[in-house]
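Right, one structure below, let's go through it.
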Amino acid sequence: MSGGANKHCANDWPPTASLAALRLRARLLAGIREFFAERGVLEVETPAVARAGASDVHIASLATTCGADADHGHFYLQSSPEFAMKRLLAAGSGPIYQVCRAFRDGENGRLHNLEFTLLEWYRPGFDHHDLMGELDALVNQVLGSTAPARRLTYRQSFVEQSGLDPFDASMEVLLERCEACGLKLTGDRSVERDLLLDFLFSHGVQPALGEGLVYVYDYPASQAALARVRAGQPPVAERFELFVNGIEIANGYHELADADEQRKRFAADGRARRALGLEQMPMDERLLAALAHGLPDCAGVAVGLDRLFMIAAGESSIDAVMAFPAARA
Numbered sequence: 073m074s075g076g077a078n079k080h081c082a083n084d085w086p087p088t089a090s091l092a093a094l095r096l097r098a099r100l101l102a103g104i105r106e107f108f109a110e111r112g113v114l115e116v117e118t119p120a121v122a123r124a125g126a127s128d129v130h131i132a133s134l135a136t137t138c139g140a141d142a143d144h145g146h147f148y149l150q151s152s153p154e155f156a157m158k159r160l161l162a163a164g165s166g167p168i169y170q171v172c173r174a175f176r177d178g179e180n181g182r183l184h185n186l187e188f189t190l191l192e193w194y195r196p197g198f199d200h201h202d203l204m205g206e207l208d209a210l211v212n213q214v215l216g217s218t219a220p221a222r223r224l225t226y227r228q229s230f231v232e233q234s235g236l237d238p239f240d241a242s243m244e245v246l247l248e249r250c251e252a253c254g255l256k257l258t259g260d261r262s263v264e265r266d267l268l269l270d271f272l273f274s275h276g277v278q279p280a281l282g283e284g285l286v287y288v289y290d291y292p293a294s295q296a297a298l299a300r301v302r303a304g305q306p307p308v309a310e311r312f313e314l315f316v317n318g319i320e321i322a323n324g325y326h327e328l329a330d331a332d333e334q335r336k337r338f339a340a341d342g343r344a345r346r347a348l349g350l351e352q353m354p355m356d357e358r359l360l361a362a363l364a365h366g367l368p369d370c371a372g373v374a375v376g377l378d379r380l381f382m383i384a385a386g387e388s389s390i391d392a393v394m395a396f397p398a399a400r401a
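The C-terminal residue of the sequence shown carries number 401 in the working numbering, and the numbering is unbroken.
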């Protein structure tokens, strides 16, 4: 090791979180486990590595190799335990939850780290509205509050904050709004509608959601990810996100259970990744087989615990509630 590296390590070996913050984190984790034990939800563990990574173009998976597995040596660190947990649900597990480490390449900043702690749980017999109610109870327990949450549809959130209907607005109007918010476009102004909506949501709608708990639900069908799509005019994804003090904390779905539809979505993700020059992800055939076997009607949600603990501790960066973020790993 060079002298410069020695000097660097001499200065940044301590944890970024105080001992008081780490004790708070431990108490909150114990409380979360009690929350689920009281409700009869089983704690499970699934692999941190698998042969398929995230197909979503917005998620970059971390890859690794295993020399002991000559035929299948390429693995991905999981960005979520979702696929494996759905296999447990299809096998008859009943309601389950997991607290685990998750990984996403390129994640760094006040609210991001390439390795983070995720709480994920699934409730057979629940839809996304039912799960929002249970998430309310958990988040209020962690934050020590009783404040009621607001619930807005995706359309309502846009109309309230911008006067814009995200389903009906023309591409020209969306482009004009994005440029007014500072988006710099290329000369041909070629961009997908969902990218414009994402930009307007993150730069205009989300910052204006205000204090407390706010749910946004019923997203455009094109943003369904792994959620069911409900027919209508327009069709919407039965998906929600929870924001606490304007910070995204959770993403939940009334889960897609159709194996054929899931395969089509994986294929569409593959085409989108190819168009962007991104690595192609192998389809998770075990997940598809589990869905074909039969996933119970259920809702699931993933909660970023580092962000939630940050808010509970009154801090402004997740580094303050993590012992060693990536910069000190």
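Just so it is clear, CB atoms sit at the ideal spot from N, CA and C, and this is done for glycine as well.
As the structure is a computational prediction, the values presented were derived from the model and not from experiment.
Helix, strand or coil for residue i, going by three-state DSSP, please let me know.
i	result
PRO279	helix
HIS201	helix
CYS81	helix
CYS250	helix
VAL231	helix
ILE321	strand
HIS365	helix
PHE396	coil
ARG177	Sequence inspection shows Asp at residue 177; the Arg mentioned does not correspond to that position. ASP177 falls in the strand class under three-state DSSP.
ALA36	A question about residue 36 goes unanswered here, because the residues of the chain that appear run from 73 up to 401.
GLY342	helix
ALA135	strand
GLY376	strand
LEU268	helix
LEU94	helix
LEU101	helix
LEU360	helix
ALA109	helix
ALA156	helix
VAL129	coil
Give every residue of the same chain whose Cβ lies closer than 8 Å to the Cβ of residue i, excluding the five residues on either side of it in the sequence, and list them in chain order.
i	result
ILE319	LEU183, ARG379 and ILE383
ARG105	GLU115 and VAL171
GLU154	GLU192, LEU298, GLY372 and ALA374
PRO279	GLY318
ASP330	LEU363
Applying the 10 Å Cβ sphere with the 16-neighbour rule, what's the burial state of residue i?
i	result
LYS158	buried
ASN185	buried
MET243	exposed
ALA347	exposed
THR189	buried
LEU267	exposed
GLU327	buried
GLN352	exposed
SER217	exposed
LEU257	exposed
SER274	exposed
GLY376	buried
PRO397	buried
CYS250	buried
SER388	exposed
With DSSP as the reference, identify every bridge partner of residue i, one or two as the case may be.
i	result
ILE168	LEU114 and TYR194
ALA122	TYR148
HIS326	ALA371
LEU314	TYR287 and ALA322
PRO292	VAL308
GLU187	PHE175
ARG222	VAL286
ARG302	VAL308
Heavy atom of the ligand ADP less than 7 Å from the Cβ of residue i, yes or no?
i	result
ASN83	As far as ligands go, the structure on display features none, and thus does not contain the ligand ADP.
Spatial neighbours of residue i within its chain, please: CB distance less than 7 Å, with the 5 preceding and 5 following residues excluded, ordered by chain position.
i	result
PHE312	HIS200, MET204, TYR287, VAL288, TYR289 and GLY324
ALA89	ALA392, VAL393, MET394 and ALA395
LEU359	PHE155, LYS158 and ARG159
LEU350	VAL129
PHE198	CYS370 and ALA371
GLN305	none
Looking only at its own chain, which residues have a Cβ that is under 6 Å from the Cβ of residue i, when we skip the five neighbours before and after it?
i	result
ASP341	SER127
LEU246	LEU268
**Request:** Would you check if there are 3 or more beta carbon pairs closer than 8 Å linking the stretch 108-115 to the stretch 168-181?
**Result:** yes
**Message:** For the structure I just gave you, are there three or more beta carbon pairs, one from the stretch 94-107 and one from the stretch 308-324, closer than 8 Å?
**Reply:** no
**Request:** Examine the Cβ distances between the stretch 121-138 and the stretch 224-241 and report whether three or more of them are shorter than 8 Å.
**Result:** no
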